[in-house]
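Single-structure report; data block below.
Residue numbers (the numbering used here): 2 to 587.
If you want it as structure tokens, here you go:
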């Protein structure tokens, strides 16, 4: 019992970072209690243990040993890669597998079949793998925005779709974010559908139908929500839309729950009585409740359970010792911050709304827009700039938070298309300090999807820009610490990395392999080799900060790098407290 408590406790603690940081997974804190409640309900109607179940204990012990051995590498990788969601699925699979093996050891296959659902129900709280989630999020957001724009056009309200943004008459824009796209409603509807299907004891096919209907209800309700908020913005302004945002969200959640509850009751009535009776297992009298159940703490069970508990504790001690031992060789890097050019023409601060603050949860953050030269996009000497700076203090959620604000994720959601990745190069930012900046290129062709709205041209009196907008985005993700030169050096970047291909930059120095490896390559690691390098380099719990600057001008890549290299030293300021304690470059 103690072994299972520790297993589930560690799993919930690891997944709790995502549950706390992401609004769409906030329901995850409720799932363990729901799964426990479903287990208790099934315990009341558990079948009799299978005679001779102990004969299979050797195979069960072998499966348990394999699961326990997998705990060590999973925990080792989790500390260095808290944003790798595949580890969450592997961790959950190991814990649920061990739980089911213990259940099978006690009651045999009848118990395994009987308790499989409440144990497996926990998977609805495991965050989706990023590649799958991003595809679903972007498609749902774009679909909701497109339907909302079409609906406004039918009502005679001029609206133009640009990515996941809807541009209204007068230049106002409304964004359809994750909360309005149906992603949170989709995941919640999956949980509610599975939960009500179990409580109503529906057959397998009726449960599948219930989940499908709940998902359809959630998507339809969220499209209606997106349309309502955009209409409210168009008719009554941004303030009215912000006031109605949360209220609309609660109404949608209530609609999905009540609608799914009604669907479950309807499917229950349609289910033949014979099928319902076959699914129910009558509860046994209390005097016979444990009759025939093998004792849990027999001599051949106590020692394996004690060994499993010792192994799990040893895994935690080993992982913590591994990182703490190597962190002795860490030294602080030069600390720097951004000094905004308040005297530059056209300078204005960019406010960070409450949604952005809740999403990123930064400790320090600011944004600004300003002009270089005369500021005309038709004049190569005039460049419009938009920049953001965010900082996160050390903590186990640092990597999750810092990687949440990336140009390759945020800009496509605003109607920009990425057309080039110029790689990571080092630029001189201050005396003795070179920053690694990733150069990404985006374009926006406006009006977006104008051919789709040919039938609405009479009600869409929106101006069309004369040129295609182009943005050169420079992005840096910087960690507070790096391995000391006399410690084991960090491994170099893979040969496919843009740093290795482009070791020099306009205004920057050449970067050898070791320096490039010590630098942060801005975007999150994606390959298995890069994930392993983070473990070998013992990178965890480090404070991080993000700096991003976009040049909005029709410049070539070379000209953009020249302008950026000239502007960067005017923006970066070294912290006086860290200059003496840190070497000038990593």
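Yeah, the Cβ is synthetic: ideal placement off N, Cα and C, and Gly gets one too.
How big is the Cα-Cα spacing for residue i and residue j?
i, j, result
"residue 498", "residue 439", "Note on residue 498: pLDDT 35, under 50, position unreliable in the model; the coordinate value appears next. Straight-line Cα distance between these residues: approximately 11 Å."
"residue 481", "residue 443", "29 Å"
"residue 592", "residue 384", "Nothing about residue 592 can be reported from this structure: the residues present for the chain run from 2 to 587 only."
"residue 427", "residue 435", "6 Å"
"residue 52", "residue 69", "27 Å"
"residue 223", "residue 354", "22 Å"
"residue 127", "residue 212", "17 Å"
"residue 215", "residue 64", "36 Å"
"residue 249", "residue 231", "12 Å"
"residue 150", "residue 391", "33 Å"
"residue 40", "residue 116", "7 Å"
"residue 23", "residue 343", "34 Å"
"residue 259", "residue 42", "23 Å"
"residue 9", "residue 155", "52 Å"
"residue 448", "residue 253", "Here residue 448 scores only 48 on pLDDT, less than 50, and its place in the model is too uncertain to base an answer on."
"residue 373", "residue 412", "22 Å"
Are there 16 or more other CB atoms within 10 angstroms of the CB of residue i, so buried, or fewer, so exposed?
i, result
"residue 433", "exposed"
"residue 26", "buried"
"residue 101", "buried"
"residue 340", "exposed"
"residue 34", "exposed"
"residue 188", "buried"
"residue 393", "buried"
"residue 82", "buried"
"residue 92", "buried"
Have a look at the DSSP bridge pairing and note the partners of residue i.
i, result
"residue 473", "442 and 552"
"residue 367", "390"
"residue 431", "434"
"residue 573", "339"
"residue 425", "439"
"residue 372", "385"
"residue 199", "Bridge partners of residue 199: none, in fact."
"residue 349", "370"
Is residue i helix, strand or coil by DSSP?
i, result
"residue 480", "strand"
"residue 6", "helix"
"residue 84", "coil"
"residue 437", "strand"
"residue 343", "coil"
"residue 410", "helix"
"residue 496", "Because the pLDDT of residue 496 is 31, which lies under 50, any placement of that residue in the model is unreliable, and the number read from its coordinates should be weighed accordingly. Three-state DSSP puts residue 496 in coil, outside helix and strand."
"residue 560", "helix"
"residue 169", "strand"
"residue 418", "strand"
"residue 114", "helix"
"residue 546", "strand"
"residue 161", "strand"
"residue 328", "helix"
With the cut-off set at 9 Å, would you say residue i and residue j are in Cβ contact?
i, j, result
"residue 37", "residue 29", "no"
"residue 415", "residue 389", "no"
"residue 312", "residue 72", "yes"
"residue 478", "residue 546", "yes"
"residue 430", "residue 558", "no"
"residue 227", "residue 136", "no"
"residue 76", "residue 328", "no"
"residue 560", "residue 338", "no"
"residue 476", "residue 408", "yes"
"residue 572", "residue 387", "no"
"residue 45", "residue 314", "no"
"residue 125", "residue 195", "yes"
Tell me whether residue i, by its Cβ, gets closer than 8 Å to a heavy atom of the ligand MN.
i, result
"residue 320", "Questions concerning the ligand MN fall outside what the structure shown contains, since it holds no ligand whatsoever."
Can you find a CB in chain E that lies within less than 9 Å of the CB of residue i?
i, result
"residue 321", "Of the protein chains in the structure, only one exists, and it is not chain E."
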